[in-house]
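A short write-up of the structure that comes next.
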Amino acid sequence: MNRPRELWMTRIGFVFAAAGSAIGLGNLWRFPYIAGTYGGGAFVLIYLLAVIAIGLPIMVAELLIGRSAQLSPVGAFTRLGKNKWWKIVGWLGVASGFVILSYYCVVGGWIIDYIVKSSLNLFHGRSPAEIEGMFDILLKNPLLLVFYHALFLLLTTYIVSRGISMGIERWNNILIPVLFGLLLLLTINSLFSPGAREGIKFLFHPDFSKITPAAILEAMGQAFFSLSLGMGAMITYGSYLDRDTNLMNSAAEVCVLDTIVALMGGMIIFPVVFSYGLAPSAGPGLFFKTLPVAFSFLPGGRLVATLFFILLVFAAVTSAISLLEVVVSYFIDERKWGRKKAAFLVGFAIFLFGVPSALSSNLLKDVTLLKGMNIFSSLDFLATNYMLTIGGLLIALFCGWFLSRKTMEEMTINGNNLFLYRIWRFVIRYITPLAVLLVLLQKTGIIAI
Ligand code: PHE
32 MNRPRELWMT
42 RIGFVFAAAG
52 SAIGLGNLWR
62 FPYIAGTYGG
72 GAFVLIYLLA
82 VIAIGLPIMV
92 AELLIGRSAQ
102 LSPVGAFTRL
112 GKNKWWKIVG
122 WLGVASGFVI
132 LSYYCVVGGW
142 IIDYIVKSSL
152 NLFHGRSPAE
162 IEGMFDILLK
172 NPLLLVFYHA
182 LFLLLTTYIV
192 SRGISMGIER
202 WNNILIPVLF
212 GLLLLLTINS
222 LFSPGAREGI
232 KFLFHPDFSK
242 ITPAAILEAM
252 GQAFFSLSLG
262 MGAMITYGSY
272 LDRDTNLMNS
282 AAEVCVLDTI
292 VALMGGMIIF
302 PVVFSYGLAP
312 SAGPGLFFKT
322 LPVAFSFLPG
332 GRLVATLFFI
342 LLVFAAVTSA
352 ISLLEVVVSY
362 FIDERKWGRK
372 KAAFLVGFAI
382 FLFGVPSALS
392 SNLLKDVTLL
402 KGMNIFSSLD
412 FLATNYMLTI
422 GGLLIALFCG
432 WFLSRKTMEE
442 MTINGNNLFL
452 YRIWRFVIRY
462 ITPLAVLLVL
472 LQKTGIIAI
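Next up, the structure:
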């Protein structure tokens with residue numbers, strides 16, 4: 032049976048939905064802690080370059096591929112690619128979605144715990160050191176972590192099981208603007224804290240001696256992660272777009288929104304870090320150790336904190352939805368499963384696969400995979416810095432060199448500026464693939480720049 036594909040109701044609905052996929056834990060949890068670990072300003076600068084030279088062109092490419100094929104990633108590569116091997120890019124994307132979601136839900140679970148903590152007013156009146164310690168205590172509780180991991184995944188699975196425009200679009204239109212407002216409030220609050228000057232300097236003043244191959248790879252990986260690229264999430268979103276949408280503008284809007292939120296995340300967190308003598312390189316716990324400190328000093332902090340963590344769970348769920356959708360749409364489009372069955376079976380498999388990540392800070396804390404990192408960090412490192420970037424490289428090559436000229440020129444039909452189109456075409460053919468390749472080769476030591 033061939034049901035017509037559901038389409039987004041409005042263009043702005045689409046931009047919000049795509050921004051909902053992009054804006055999530057990547058901006059507020061991952062970006063500040065990676066920036067903190069890799070030296071602040073210099074990292075941020077490379078990150079911004081990666082967004083412009085790699086992220087934006089690939090986002091346009093993914094949307095174009097999805098819209099032309101009107102299929103999920105695996106189907107899209109099968110239909111548009113003249114060679115059956117292109118399918119592998121789709122499968123790589125399905126694998127990336129599976130792996131990333133398995134630990135993404137663990138972090139989503141941490142946020143749920145922080146809703147509970149802030150609604151019970153547990154941060155109030157505690158010293159920054161005590162608040163920092165609360166995160167470490169949470170990490171020692173395996174049962175609670177698995178429970179929250181399951182809860183977050185259940186929420187995500189439920190929404191995906193109900194279908195795209197009904198589920199996703201409705202939520203995003205309301206929640207993104209509210210989250211934005213709250214972030215603005217928190218940014219202003221942080222800018223008035225005693226460590227504001229130092230925090231902002233750390234974030235925006237590049238110290239070029241901190242630029243290492245590892246930092247460059249992390250910055251590029253972070254751009255892929257934060258913009259939801261390299262695994263076909265945006266291909267899936269593009270497949271629900273109609274022909275009248277201006278892809279270039281939509282992609283640019285999504286990139287700008289996503290980057291603003293990441294920078295706000297940094298501007299909220301680093302002033303707190305420097306105000307209370309915390310460490311910028313605290314790792315994955317940075318967000319959880321600093322934000323509640325800011326709330327504990329804020330008038331009405333309990334209410335604001337609770338609202339903030341609730342909104343953040345929704346922002347995280349809207350990102351998780353797009354990770355799950357890539358995997359689920361494979362089973363719907365290629366295996367002809369029903370949506371409900373696909374969503375719940377895949378959701379359950381991801382739950383099982385994610386349990387070791389939830390336990391990587393307690394029962395399994397001595398298990399290390401890559402370079403001495405625990406299971407959680409190893410999966411994150413591998414998926415973000417290699418699976419997404421290699422996926423992105425292949426997507427750029429596919430779009431630039433193998434997509435038919437006719438399909439590419441579809442972009443110029445609906446109000447796209449021809450000059451911009453030519454620039455994009457040049458960038459996606461030469462600049463983007465070369466940049467990704469150079470970073471990968473440099474990191475693996477095959478070449479040295
Ligand atoms: N971009 C999302 C975030 O920042 C995560 C994500 C990555 C979603 C890849 C889809 C695909 O939280």
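Anchor point for the sequence shown: position 63 equals 94 in the numbering used here, and the numbering is continuous, going up by one each time. Ideal Cβ positions, reconstructed from N, Cα and C, are used throughout, including at glycine. Owing to the predicted nature of the structure, the values given are computational and were not obtained by experimental measurement.
Exposure of residue i, with buried meaning 16 or more beta-carbon neighbours within 10 Å
i, result
"Leu342", "buried"
"Glu161", "exposed"
"Lys437", "exposed"
"Ile143", "buried"
"Phe223", "exposed"
"Trp432", "exposed"
"Asp289", "buried"
"Phe305", "buried"
"Gly212", "exposed"
"Ala48", "buried"
"Pro330", "exposed"
"Arg61", "buried"
"Ala486", "Because residue 486 is not part of the residues shown, which for the chain are 32 to 480, the question remains open."
Proximity to residue i [Cα-Cα], best of the options
i, options, result
"Lys171", "Gly112, Asn393 and Leu354", "Asn393"
"Ile43", "Pro237, Ser281 and Arg456", "Ser281"
"Gly314", "Ala53, Gly106, Ser149 and Phe166", "Phe166"
"Phe319", "Leu59, Phe47, Val46 and Phe45", "Leu59"
"Met298", "Ala81, Lys232 and Phe178", "Lys232"
"Leu13", "Ile363, Leu278, Ser150 and Ile96", "Residue 13 is absent from the structure shown; the chain starts at 32 and stops at 480."
"Met262", "Gly124, Leu465 and Asn114", "Gly124"
"Gly86", "Ala283, Asn114 and Phe379", "Ala283"
"Ile207", "Ala50, Lys367 and Ile266", "Ala50"
"Leu258", "Lys115, Ile89 and Pro63", "Ile89"
"Gly423", "Ile65, Asp238 and Met265", "Met265"
"Leu294", "Pro63, Trp141, Leu383 and Arg110", "Pro63"
"Ala126", "Trp117, Gly385, Val357 and Asp238", "Val357"
"Leu214", "Arg110, Ala346, Gly369 and Val46", "Ala346"
"Thr415", "Asn152, Leu153, Ile65 and Cys286", "Ile65"
"Leu151", "Leu338, Asp275 and Asp397", "Leu338"
Residue j beta carbon less than 8 Å from that of residue i
i, j, result
"Ile146", "Phe340", "yes"
"Leu234", "Phe301", "yes"
"Val303", "Ala336", "no"
"Trp455", "Val138", "no"
"Leu9", "Leu272", "The shown model of the chain, from 32 to 480, leaves out residue 9, and the question about it has no answer."
"Thr349", "Gly55", "yes"
"Phe412", "Leu401", "yes"
"Gly67", "Pro311", "yes"
"Ser99", "Ser360", "no"
"Val191", "Ile352", "yes"
"Gln74", "Cys136", "Per the sequence shown, the amino acid found at residue 74 is Phe instead of Gln. No, these two residues do not count as a Cβ contact at 8 Å."
"Ile462", "Ala84", "yes"
"Gly97", "Ser221", "no"
"Ile426", "Val82", "no"
"Ser388", "Ile406", "yes"
"Ala246", "Tyr134", "no"
"Thr243", "Ala374", "no"
"Val458", "Met251", "no"
"Arg460", "Gly194", "no"
Check: residue i C-beta below 7 Å from any heavy atom of ligand 1
i, result
"Ile131", "yes"
"Gly51", "no"
"Leu56", "yes"
"Met262", "yes"
"Ser103", "no"
"Ser257", "yes"
"Ser221", "no"
"Ser350", "yes"
Near ligand 3: residue i beta-carbon under 7 Å from a heavy atom
i, result
"Leu354", "You won't find ligand 3 in this model; what it holds is ligand 1."
Continuous alpha helix (DSSP H) assignments of at least 4 residues falling wholly in the stretch 326-374
332-364
Fully enclosed by the stretch 40-115, which alpha helix (DSSP H) runs are 4 residues long or longer?
42-53, 62-68, 72-81, 87-100 and 104-111
Entirely enclosed beta strand (DSSP E) segments - the stretch 200-229, minimum 3 residues:
none
For a minimum of 4 consecutive residues, which ranges assigned as the alpha helix (DSSP H) are wholly contained in the stretch 141-204?
159-170 and 173-193
Considering only residues of the stretch 398-473, which uninterrupted alpha helix (DSSP H) runs meet the minimum length of 4 residues and lie entirely inside it, listed in chain order?
406-413, 420-428, 436-440 and 449-457
Any alpha helix (DSSP H) of 4 or more consecutive residues that is wholly inside the stretch 235-266
244-257
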